[in-house]
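Residue numbers (our numbering): 129 to 407.
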């Protein structure tokens with residue numbers, strides 16, 4: 129497939145996005161129901177627990193996380209009611225959305241299965257590192273950092289869906305990577321706006337690959353940017369060709385760009401704990 133055709137695909141996708149004609153993914157229903165219940169002034173955490181209990185797999189995973197090293201509680205949790213009580217509203221909202229996200233990376237055809245699996249694996253890796261970095265080096269909200277890490281590349285989903293209609297693009301990994309690279313930030317921003325996500329998370333989707341970005345205070349973009357870069361250590365990803373010493377996010381977190389945070393004693397166990405909770 130020629131670069132010219134790939135450029136046309138990029139042009140078409142961005143034009144549809146601008147004209148609000150691009151089909152964007154929808155947030156899993158259970159995540160919407162939990163969010164709506166949390167925003168209902170007449171509902172409380174018991175009502176949220178009832179919604180979560182309608183999804184057996186989600187309920188089991190939430191209890192698992194409540195008992196994981198992520199929360200380090202002293203008492204064993206064995207019900208959703210106790211889990212949501214331990215977590216509180218904000219954490220429940222973010223973790224339920226994070227767990228439900230896995231549904232969106234299910235392949236509709238065999239040909240996209242490998243690509244979506246790789247995207248989910250990368251997203252969970254970034255989410256795990258983001259959670260660990262936030263806990264260790266910032267005062268930001270770790271569960272929100274986890275969610276931001278999971279959705280940072282969400283803009284790739286509509287591109288992969290489009291590629292299903294263009295087999296030559298789907299079968300040319302380099303060209304598909306190029307199309308995703310040039311479109312996923314704008315698409316991701318649009319998706320998260322549609323989902324009514326917090327602006328701080330929308331900014332992550334839009335800016336996580338902008339290594340020259342400057343901001344006055346350490347924020348989620350800094351965290352996810354560093355986490356994203358760390359997942360590419362040892363690969364030939366285009367971001368590895370840039371000068372990371374000029375990326376202020378490392379300095380704001382007090383990290384050396386030359387040090388692999390994944391292997392640091394302080395973070396490696398925490399990263400594995402999050403990955404096991406998400407997979």
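Cβ coordinates follow ideal geometry from the N, Cα and C atoms, glycine included. In this text the structure is predicted, and so the values were computed from the model without any measurement.
Starting from the Cα of residue i, find the closest Cα among the options and give me that residue.
| i | options | result |
| --- | --- | --- |
| residue 247 | 258, 262 and 230 | 230 |
| residue 273 | 325, 237 and 310 | 325 |
| residue 318 | 345, 283, 338 and 180 | 283 |
| residue 347 | 158, 226, 220 and 259 | 259 |
| residue 218 | 173, 307 and 243 | 173 |
| residue 269 | 333, 220 and 236 | 220 |
| residue 277 | 362, 180 and 225 | 225 |
| residue 154 | 142, 162, 205 and 323 | 323 |
| residue 384 | 357, 404 and 402 | 357 |
| residue 159 | 335, 180 and 205 | 180 |
| residue 328 | 351, 152 and 339 | 351 |
| residue 207 | 177, 222 and 232 | 177 |
| residue 138 | 398, 312, 162 and 196 | 312 |
| residue 399 | 205, 136, 184 and 250 | 250 |
| residue 281 | 232, 292 and 271 | 232 |
| residue 353 | 331, 364 and 363 | 331 |
| residue 321 | 305, 152 and 304 | 152 |
| residue 132 | 171, 192, 303 and 289 | 303 |
| residue 242 | 292, 184, 196 and 381 | 292 |
| residue 136 | 290, 213, 333 and 209 | 290 |
Would you kindly check if the distance between the Cβ of residue j and the Cβ of residue i is under 8 Å?
| i | j | result |
| --- | --- | --- |
| residue 275 | residue 227 | no |
| residue 279 | residue 307 | no |
| residue 244 | residue 235 | yes |
| residue 297 | residue 134 | yes |
| residue 145 | residue 257 | no |
| residue 366 | residue 309 | yes |
| residue 194 | residue 215 | yes |
| residue 182 | residue 175 | no |
| residue 240 | residue 407 | no |
| residue 198 | residue 402 | yes |
| residue 223 | residue 190 | yes |
Would you call residue i buried or exposed, if buried means 16 or more other Cβ atoms sit within 10 Å of its Cβ?
| i | result |
| --- | --- |
| residue 355 | buried |
| residue 149 | exposed |
| residue 387 | exposed |
| residue 338 | exposed |
| residue 295 | exposed |
| residue 301 | exposed |
| residue 203 | exposed |
| residue 238 | exposed |
| residue 335 | buried |
| residue 405 | buried |
| residue 211 | buried |
| residue 120 | What the structure shows of the chain is the stretch from 129 to 407, and residue 120 is not part of that stretch, so it cannot be assessed. |
| residue 397 | exposed |
| residue 169 | exposed |
| residue 413 | In this structure the chain extends from 129 to 407, so residue 413 is not present and cannot be described. |
| residue 363 | exposed |
| residue 359 | buried |
| residue 140 | exposed |
Worksheet item: Counting Cβ pairs, one atom from each stretch, are 3 or more of them under 8 Å apart for the stretch 364-372 and the stretch 256-265?
Response: No contact exists between the stretch 364-372 and the stretch 256-265.
Worksheet item: Quick check: the stretch 373-385 against the stretch 330-350, are there 3 or more CB pairs under 8 Å?
Response: In the pairwise beta carbon analysis, the stretch 373-385 is classified as touching the stretch 330-350: at least three pairs are separated by under 8 Å.
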